[in-house]
Structure formats: structure tokens, C-alpha cells
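With the numbering used here as the guide, the letters of the sequence shown map in order to residues 120 to 650. Glycine residues also receive a C-beta, built at the ideal position from the N, C-alpha and C atoms.
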Amino acid sequence: MAKWWKHSAFYEIYMPSFKDANGDGVGDFAGITSKLDYLKDLGVDGLWLTPFYPSPKVDNGYDISDYYAIDPTYGTMEDFKNFISEAHQRNIRVIIDLVLNHTSSEHQWFQESKSSRNHPKRDWYIWRDEPNNWESFFSGSAWEYDEATGQYYYHAFAKEQVDLNWANPEVQKAMSDVMKFWLEKGVDGFRLDVINFLKVKDTLQDNPYDHEKNEQIHLFDKDQEGILSAIKDIAETVHQYPDKFLVGEVGSEDIEILKRYSGTGKLDVSFNFNIGSISEFDAEKLFSRLVETEEAYESVQMPTLFFSSHDMSRHISRFGGDEERAKLIAALMLTAKGVPFIYQGDEIGMQDWIADDISVMMDVQGRLAFEEAIKAKTKEEALAVANERSRDKSRTPMQWSSDAYAGFSEVRPWITVPDGSSEINVQNQQDNPDSMLSFYKRLLQLRKEHPSLQTGEYEFLRYKDGMISFMRTNEVERTWVALNFSEEVKPLKIEEKVSLLLSNKRMALESETAIVTLPNEALVLKEDSEK
Ligand code: NOJ
120 MAKWWKHSAF YEIYMPSFKD ANGDGVGDFA GITSKLDYLK DLGVDGLWLT
170 PFYPSPKVDN GYDISDYYAI DPTYGTMEDF KNFISEAHQR NIRVIIDLVL
220 NHTSSEHQWF QESKSSRNHP KRDWYIWRDE PNNWESFFSG SAWEYDEATG
270 QYYYHAFAKE QVDLNWANPE VQKAMSDVMK FWLEKGVDGF RLDVINFLKV
320 KDTLQDNPYD HEKNEQIHLF DKDQEGILSA IKDIAETVHQ YPDKFLVGEV
370 GSEDIEILKR YSGTGKLDVS FNFNIGSISE FDAEKLFSRL VETEEAYESV
420 QMPTLFFSSH DMSRHISRFG GDEERAKLIA ALMLTAKGVP FIYQGDEIGM
470 QDWIADDISV MMDVQGRLAF EEAIKAKTKE EALAVANERS RDKSRTPMQW
520 SSDAYAGFSE VRPWITVPDG SSEINVQNQQ DNPDSMLSFY KRLLQLRKEH
570 PSLQTGEYEF LRYKDGMISF MRTNEVERTW VALNFSEEVK PLKIEEKVSL
620 LLSNKRMALE SETAIVTLPN EALVLKEDSE K
């Protein structure tokens with residue numbers, strides 16, 4: 120039997136926005152637990168939880184101030200344990216987000232580190248007398264001056280997210296203890312935040328500049344020497360516990376870089392941004408990214424498939440707001456080769472939200488962009504820049520029903536509930552066989568019934584005139600998938616007899632051969648002459 124994660128479909132839960140059970144307007148563990156039956160019924164096998172540790176929440180939990188506890192907004196350790204046990208009872212596994220690259224500036228370690236130049240923890244972070252030219256991935260310089268000790272510290276993200284010094288073995292040891300703590304609590308693995316950022320070039324030399332694009336090239340602040348050995352150590356710690364899974368956020372769209380990080384003794388998989396963060400819809404480009412991944416991974420490594428997350432625009436909005444296209448993307452994610460990660464709300468076709476005033480923008484990245492833009496632009500222009508950068512667009516509350524606040528909470532939630540929630544919600548879709556939700560359920564069910572769709576190899580992977588098609592095979596079955604992204608009827612050259620497994624456009628095939636695909640159809644067929 121292949122490792123469990125190879126045949127699992129994951130679902131990302133953005134902690135503050137999934138379900139509020141205690142009436143404070145923020146999601147929590149009791150809320151998630153109350154929705155486990157919904158997730159089971161949807162058909163997902165694993166959950167990825169975004170950070171839930173105590174945090175000042177400058178970056179919504181990606182600034183951890185205590186790695187050994189639960190933020191009170193999300194509940195107690197008892198609530199956490201209860202959630203894990205309820206998930207496991209339903210055969211749903213849980214992986215948790217871990218931020219190893221940086222801590223909150225309020226973390227005790229940093230407080231000690233900044234207390235004096237001679238403190239034993241000074242070297243747990245990266246301190247220098249003079250900054251270099253490195254830019255933060257959020258905005259401005261990556262260095263912040265500390266008056267008290269007269270030095271600068273390094274932060275790749277917000278100044279309240281201070282980069283740890285992974286060249287220091289004490290840091291590595293401290294984080295390995297953190298991982299063991301959560302593994303002992305029964306989690307099934309980790310999603311490792313910005314894991315290719317752990318090491319920076321020790322000479323701290325300036326990054327070069329791309330004058331055409333007018334931006335810095337992040338050459339020395341990520342993917343540095345020693346990073347793979349750090350990851351191997353992490354994997355070794357984690358795999359002392361049987362059956363654990365490691366997925367890494369490797370911030371790169373370059374397949375050659377991505378592929379270095381996964382494989383035996385390293386990460387199990389990393390997020391394939393080369394596929395997932397395609398900005399505009401283009402079936403041919405999407406196809407070429409699938410092919411490039413397949414060629415690079417050579418059937419040895421397994422890719423991941425995702426098109427939305429809490430960090431990006433939802434694919435339905437990014438690709439033009441069209442429901443049929445969103446269904447095709449869902450079909451691709453759940454039938455092509457890779458470990459799928461569905462982002463909460465995509466299964467009901469939730470759309471991006473745009474802030475109409477800076478006062479309602481919650482995301483630090485958006486607000487920093489606004490502060491920068493307002494220096495030279497009008498308020499409207501600066502708001503547009505901020506909305507472009509802000510990740511609030513996909514972080515609005517899960518839309519459960521047409522009730523007030525979308526049934527997410529009894530009180531006004533921490534972030535605006537979009538107007539469309541009275542139309543687009545779980546309640547409206549659950550009994551409608553043509554809904555997005557029903558389509559996701561059918562796809563997830565199909566994956567379960569047809570192992571070739573989980574771990575099968577590609578017998579072929581083709582593109583022609585707006586249609587992506589492939590065949591997935593294993594020892595027992597051959598499954599055809601044709602995704603017609605065009606507005607025209609397209610023929611499918613099939614010689615064998617086939618039967619229909621799934622379509623978003625029809626209930627039955629007109630004939631067993633001479634099949635065509637309809638405009639915007641996702642068609643899954645089973646070859647009847649089994650191998
Ligand atoms: C990636 C996380 O997904 C994102 O939300 C966060 O802002 C950065 N890492 C920094 O931790």
C-alpha cells in the first residue's frame with residue numbers, strides 16, 4: 120500500500136475564518152470540530168490547519184510567540200486534542216502549519232536576544248551593525264534598527280516576524296523539540312512555512328537588481344547552501360515517528376528549484392507554485408506546466424495540485440469568475456497526478472472580496488502597500504494598489520448559510536463578509552445536484568473509487584485546441600480524463616469501449632465510442648476492457 124498521503128485529498132482550513140463556535144467573531148477549534156461531518160461528507164482525507172499558536176497576529180498567526188500552546192482565540196489544548204481525536208475517528212488526518220523561519224518579535228527568545236549584545240541567545244537571530252540592501256518580501260528594507268543595542272536585525276517579512284539564525288545549532292535543536300511536542304500530540308505531519316528561506320548567504324552580500332522589472336532579485340536570501348541538510352535533519356526528526364507527512368512551502372515557481380526539496384529523506388512534497396500560481400487563465404500554459412512538472416519529477420516524486428490558498432486570489436475570481444471553468448479546474452486538481460489541496464470555500468465557488476476602504480483592510484501586506492503608495496498617489500489609487508497586494512481577498516469567512524454573517528458567527532466577524540454570501544453558501548448548494556459543492560463531492564468520491572486517479576501514472580498527457588486530456592493507469596484500470604476548456608465541441612479519439620464516470624454536462628454518453636466533449640466539459644471515462 121502506498122503511503123497514505125499519496126492517495127489523500129487535503130483541505131486547507133484558514134483558522135480565523137472557518138467556523139466560530141464561541142461567538143467572538145473568529146474561527147476556533149470547537150467550530151472546526153462541529154464541521155467535521157461536513158468535511159467527511161465532502162470527502163477530504165486530510166486537513167491542513169494554518170497557525171493556531173499564541174501570536175500577536177500581525178500576520179495572522181505566522182508570527183508565533185509561543186510554539187507550545189494554543190492561542191486562546193482558537194480555544195484550549197483540550198479543544199485541540201478533542202478536535203484531533205474527532206478527526207481521527209472519522210479517518211481524517213491533520214497536518215499543522217509550522218513557522219520555523221521566524222518568530223514573533225514578542226517571542227521570549229527574541230526578547231532575550233535583543234536584551235543585550237552579550238546575551239547567550241543574541242546569535243539565535245541575525246544581527247548586524249549595518250544593513251545590506253535586502254528587501255523584505257512585504258515592503259521596504261528587511262532590516263530593523265534596535266536602538267537599545269545599536270544593531271539591526273533581519274526580517275524577511277514584517278518587522279514583527281524576526282528571522283531565526285538557522286546556522287546556530289541551538290536554534291535547530293529548539294525547533295526539533297517543537298516538532299516532537301506536536302507529533303506526540305498526534306498530528307499527522309506539518310506544512311512547513313517558507314522552508315527554503317531558513318538559510319541566508321553567510322556573507323550577507325547585496326542582492327542584485329533587475330532593472331527591466333524594476334525589482335530586486337532575491338539571490339542571497341533564499342535557497343542557500345546548507346538548506347537541504349537542514350531539511351534532511353527536519354525530515355529525520357519527523358520520520359522517527361511512523362507515517363508522518365511533510366509538505367513544504369518552497370517559495371518559487373522554478374520547477375528545478377522546487378524539485379530539489381522533495382524526495383526520499385527530504386520533504387515528501389512541496390507546493391507546486393509553478394502550476395498553482397498561474398495568474399491568468401490559459402489552458403495551454405497550464406498544460407505546459409503539467410508537462411514540465413511530469414518531466415522534472417520523472418515518476419519518482421509526487422507533485423501537489425492547488426490553485427487557491429489564503430495567500431492568493433481564489434482561482435474562480437482569478438480566472439474570470441466563471442463557474443464552469445472553476446469546475447474544470449476542480450476536475451483537473453482531483454484527477455491529474457498530484458496531491459490535491461482544496462482551499463476552504465472553493466468547493467462552493469466563493470469569490471474574492473475587495474476592500475472599499477483601507478479601514479476594513481486586515482492584511483498586513485495590503486496595509487504596508489497602502490502606506491507606501493499613499494506617499495505618491497491619491498487615496499483611490501493607493502487603495503487599488505493595496506487591494507492588489509492584500510490577501511484579505513480569499514480570507515473572508517466561510518459561507519455556511521444565508522443567515523446573518525453567512526452562518527459563520529453570531530456576531531460581526533473579524534473581517535467583512537462579502538455581499539454574495541446570501542447566494543453562495545453551503546446551505547444553498549448541498550441538495551442541488553448541479554452545484555459546485557455536489558460536483559466536488561462527486562469528484563472526491565470518484566477519486567476514492569478509482570485508485571488510478573490517485574496514484575496512477577500518465578499513459579499520455581495531451582493538449583489540443585483548448586482541451587487538456589490524459590489517461591491515468593495502474594495495474595487494474597485505465598481512466599480517461601478530458602477537460603474541454605474551449606467553447607466548442609471537440610472530438611475524442613477513443614477506440615476502446617468506454618463508460619461514463621463523471622461529467623458536469625450530461626448524465627449519459629450518446630455512444631460507447633466516437634465520443635465528443637462538450638464546451639467546458641470535464642469528462643471522466645473508464646475503459647471497459649480492463650487491463
Ligand atoms: C507564507 C504564509 O502562507 C503567509 O501567509 C505568510 O505571510 C508568510 N509565509 C510569512 O510567514
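Per-residue burial, residue i [other beta carbons within 10 Å of its own, 16 or more giving buried]
i, result
"T412", "buried"
"R591", "buried"
"R581", "exposed"
"K512", "buried"
"H330", "exposed"
"F300", "exposed"
"F579", "exposed"
"Y133", "buried"
"T497", "exposed"
"H193", "Before going further, note that residue 193 is Tyr rather than His in the sequence given. Buried, because 16 or more other Cβ atoms sit within 10 Å of the Cβ of Y193."
"A121", "exposed"
"K650", "Only weak support exists for where K650 lies, its pLDDT of 47 falling under 50; the coordinates are left without a value."
"M431", "buried"
"D475", "exposed"
"K456", "buried"
"K292", "exposed"
"Y187", "exposed"
"A277", "buried"
"Q208", "exposed"
"G464", "buried"
"G440", "exposed"
"E368", "buried"
"Q548", "buried"
"A261", "buried"
"S136", "buried"
"V530", "exposed"
"G180", "buried"
Whole-angstrom C-beta distance between residue j and residue i, which should lie under 8 Å
i, j, result
"L405", "A354", "With 8 Å as the limit, L405 and A354 do not qualify as a contact, their Cβ atoms being about 31 Å apart."
"E289", "W243", "7 Å"
"S618", "L644", "7 Å"
"A449", "Y559", "6 Å"
"I534", "R514", "6 Å"
"S184", "H226", "5 Å"
"Q420", "K378", "6 Å"
"L311", "L217", "6 Å"
"R561", "L628", "At roughly 16 Å, the Cβ-Cβ gap does not stay under 8 Å, so R561 and L628 are not in contact."
"E576", "S418", "6 Å"
"V388", "V483", "Going by Cβ atoms, the distance from V388 to V483 rounds to 28 Å, so no, they are not a contact pair."
"A505", "R486", "7 Å"
"G370", "K341", "7 Å"
"H126", "Q573", "4 Å"
Proximity below 7 Å, CB of residue i to CB of residue j
i, j, result
"N623", "A601", "no"
"I634", "L611", "yes"
"R212", "D139", "no"
"L556", "I467", "yes"
"N544", "Q518", "yes"
"S571", "G585", "no"
"D282", "I245", "yes"
"I189", "F171", "yes"
"E205", "F460", "no"
"D265", "K233", "yes"
"F309", "I214", "yes"
"W472", "P532", "no"
"S235", "E279", "no"
"A402", "I374", "no"
"M480", "S509", "yes"
"K240", "E249", "no"
"A128", "D164", "yes"
Below-7 Å beta-carbon distance, residue i vs any chain B residue
i, result
"L317", "The structure shown contains no chain B, having only a single protein chain."
Identified DSSP bridge partners for residue i
i, result
"D282", "H221"
"N603", "M586"
"I651", "Residue 651 lies beyond the residue range present for the chain, which begins at 120 and ends at 650; the question has no answer from this structure."
"D329", "E334"
"E131", "W167, Y462"
"P610", "V635"
"E576", "T592"
"T423", "V458"
"E646", "V617"
"Q270", "D265"
"F364", "G308"
Check each residue's C-beta against every heavy atom of ligand 1 and list, in chain order, those closer than 5 Å. D178, Y181, F276, D312, V313, D430
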